[in-house]
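Counting with numbering that gives the first Met the number 0, you get residues 0 to 288 for the letters of the sequence shown.
Positions of the beta carbon are idealized from the N, C-alpha and C atoms, including for glycine.
All values derive from a computational prediction rather than experimental measurement.
Worksheet for the structure shown next.
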Amino acid sequence: MQTDRLDLDLLRAFVAVAQSQSFTRAGELLFRSQSAISLQIRKLEQITGERLFSRTARRVTLTPAGERLMGYAERMLALHDEALSAFRDGGTRGTVRLGTPEDIATAHLPKALAEFSRAHPGIQLEVTCDLTLNLMKMFHAGRLDVALVKREPSAAVDGQRVWSEPLVWVGANDSVFSTDGVTALVVSPEPCVYRKRAVEALGKAGGRARAAYVCGSLAGALAAVRAGLGVAVLPRDFAPDDLAIDEGRRMPPLDDAEAVLLTAADAGLAARRLADHLAHALEDEPARF
Numbered sequence: 000m001q002t003d004r005l006d007l008d009l010l011r012a013f014v015a016v017a018q019s020q021s022f023t024r025a026g027e028l029l030f031r032s033q034s035a036i037s038l039q040i041r042k043l044e045q046i047t048g049e050r051l052f053s054r055t056a057r058r059v060t061l062t063p064a065g066e067r068l069m070g071y072a073e074r075m076l077a078l079h080d081e082a083l084s085a086f087r088d089g090g091t092r093g094t095v096r097l098g099t100p101e102d103i104a105t106a107h108l109p110k111a112l113a114e115f116s117r118a119h120p121g122i123q124l125e126v127t128c129d130l131t132l133n134l135m136k137m138f139h140a141g142r143l144d145v146a147l148v149k150r151e152p153s154a155a156v157d158g159q160r161v162w163s164e165p166l167v168w169v170g171a172n173d174s175v176f177s178t179d180g181v182t183a184l185v186v187s188p189e190p191c192v193y194r195k196r197a198v199e200a201l202g203k204a205g206g207r208a209r210a211a212y213v214c215g216s217l218a219g220a221l222a223a224v225r226a227g228l229g230v231a232v233l234p235r236d237f238a239p240d241d242l243a244i245d246e247g248r249r250m251p252p253l254d255d256a257e258a259v260l261l262t263a264a265d266a267g268l269a270a271r272r273l274a275d276h277l278a279h280a281l282e283d284e285p286a287r288f
């Protein structure tokens, strides 16, 4: 290494290029020219003594050395931004109304919300857990400031995509996976994105479905699956190890789940701070699946 100092501005440019896979797009995100971004990356490569990106005509990808640096860079920038936010926004106060489905709230948000609360002690959170379509109605009615909701791949739902993950069929054991006859489903009440996915997938495969057990609670749905009352569609990350999982071998394939972040147009500073924090906290979620 030619120096023992990693400049945060260089790391921010590096992360922007890696995430956008484009020097031009990174420049737009950071309000700099493409040549300025290229110069910063060259400086960073000189500091590390490694080539960080592979360039093709269509996109830019990380080299093995770039992959190694990415983890460090993201953690350093996150810690810097959190520390700066704690001092700059320590006096920011208000109440933010956040809406999200129960499964997302349970699996993805506890750590992110705890970090936000520590950095912004003056901001009070009011979290509503409900089905996505109900949350969308609340958001458009002005009853939520920020919403983290599920989106169908073909749905025209505005918002910032924050992560995606595969959906799987979950059952008490392998014997329950079959498209012959009528498939008993454990589902949430209407309207439910995953319920719709299950019924449509079975229909396309020539099968039929019936709602054998309807429950709005994830814990209740898993208990019903364990009891052998039917199969459920869940994100892969939510499927417990003690249950059987089918990823499209015996059951019909399912499109990935996708989550988007919505922020009200008239959101105040506290709500915008939460939205920014969640976007950064959840942008790496796909790497887990």
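Do residue i and residue j have their C-beta atoms within less than 8 Å of each other?
i, j, result
"residue 201", "residue 229", "no"
"residue 234", "residue 213", "no"
"residue 167", "residue 224", "no"
"residue 114", "residue 269", "no"
"residue 23", "residue 39", "no"
Can you give the Cα-Cα distance for residue i and residue j, rounded to whole angstroms?
i, j, result
"residue 56", "residue 16", "15 Å"
"residue 12", "residue 50", "15 Å"
"residue 273", "residue 75", "20 Å"
"residue 236", "residue 247", "16 Å"
"residue 124", "residue 105", "16 Å"
"residue 62", "residue 80", "26 Å"
"residue 266", "residue 144", "6 Å"
"residue 99", "residue 131", "7 Å"
"residue 37", "residue 112", "35 Å"
"residue 210", "residue 259", "28 Å"
If residue i and residue j are in contact, beta carbons under 8 Å, what's the gap, nearest whole angstrom?
i, j, result
"residue 222", "residue 186", "Not a contact, Cβ separation roughly 14 Å."
"residue 101", "residue 160", "About 21 Å separates the two Cβ atoms, so there is no contact after all."
"residue 277", "residue 147", "6 Å"
"residue 182", "residue 206", "6 Å"
"residue 196", "residue 253", "6 Å"
Taking only heavy atoms of the ligand PLP into account, decide whether any of them is closer than 7 Å to the Cβ of residue i.
i, result
"residue 117", "Looking at this structure, you won't find the ligand PLP or any other ligand, since it has none at all."
Determine the burial state of residue i: buried for a count of at least 16 other Cβ atoms within 10 Å of its Cβ, exposed for fewer.
i, result
"residue 108", "buried"
"residue 110", "exposed"
"residue 8", "exposed"
"residue 262", "buried"
"residue 134", "buried"
"residue 121", "exposed"
"residue 288", "Residue placement at residue 288 is flagged as unreliable, the pLDDT there being 30, under the threshold of 50; a coordinate-derived value is accordingly withheld."
"residue 71", "exposed"
"residue 92", "exposed"
Fill in: Ordered list of beta strand (DSSP E) runs contained in the stretch 90–170, each at least 3 residues
Counting only runs of 3 or more, we get 93–99, 122–128, 145–149, 159–164 and 166–170.
Item to complete: Counting only runs of 3+ residues fully inside the stretch 164–203, write out the beta strand (DSSP E) ranges in chain order.
Response: 166–170 and 181–186, all fully within the stretch 164–203.
Item to complete: Please go through the stretch 6–45 and give each complete alpha helix (DSSP H) segment of 4 or more residues, from N-terminal end onward.
Response: As far as the stretch 6–45 is concerned, its whole alpha helix (DSSP H) runs of at least 4 residues are 7–19 and 22–29.
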